[in-house]
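Worksheet for the structure shown next.
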Amino acid sequence: MSDVLMPTLEDLGRMIATAGAFAVPVHDVRLTPDELDPEQIVAGDPATSSLELGDGRGIWEITPGVVTDVETDEIFVVLSGRATIAVEGGTTIEVGPGDVCLLAEGARTTWIVHETLRKVYQSRQSGQSEQSEQSGQPGNSGQSGRPR
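If you're matching positions, the sequence shown starts at 5 in this note's numbering and goes up one per residue.
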């Protein structure tokens, strides 16, 4: 895998404002290791890494293991890998390459990662959907959107 370096968020914002678009080879881009709260780890030795693209968008990866999370309002597309996501008091889903998944804000999940999973995501903060509905504009989060 090659290492594609990304501009800073500030530079990326300027590039998009100037050029109107930006593309990156998502499988080759270099991600930055994240700190995974040890209390979230249920089994194995999973590690996460990510690249924030601004406004709640990004690329995220997790290695095999079992972790818990409290979700944000998020949509993501799995690029590679496989996982089972169990929602406390709800459903259990299997996700793999090409799958689109929606997560409800506040859902308590357990991720059983079978193969290193990489996804692209868009998330928004609490209350953003109500603001968007009132204004008629899509949400714009400003948070990292990275699963905790």
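Think of the CB as a built atom: it goes at the ideal place given N, C-alpha and C, for glycine as much as any other residue.
Since we're looking at a predicted model, the values are computed, not measured.
Item	Value
Straight-line gap, D38 to Q44 (C-alpha atoms, nearest Å)	13 Å
Anticipated Cβ contact below 8 Å, V46 with T72, distance rounded	6 Å
Best match in G85, L57, D77, V81 for proximity to V28 [C-alpha to C-alpha]	L57
Whole-angstrom C-beta distance between G85 and T120, which should lie under 8 Å	5 Å
Identity of the residue in T88, V33, P101 nearest G62 by Cα	V33
C-beta atoms of A23 and E75 nearer than 8 Å	no
Cut-off 6 Å between Cβ atoms - residues of its own chain near V91, not counting five sequence neighbours on either side	A111, T113
Separation of G17 from G48, as counted between CA atoms	37 Å
Per-residue DSSP class, three states only, for D41	coil
Rounded C-alpha distance that separates D41 from L35	18 Å
Chain-order list of residues whose beta-carbon lies under 8 Å from that of T96 (same chain, five-residue window excluded)	T88, I89, A90
Beta carbon proximity, P29 to chain C, threshold 8 Å	The structure shown contains no chain C; it holds only a single protein chain.
Integer Cβ distance of V82 from P101, believed to fall under 8 Å	6 Å
Three-state secondary structure assigned by DSSP to A21	helix
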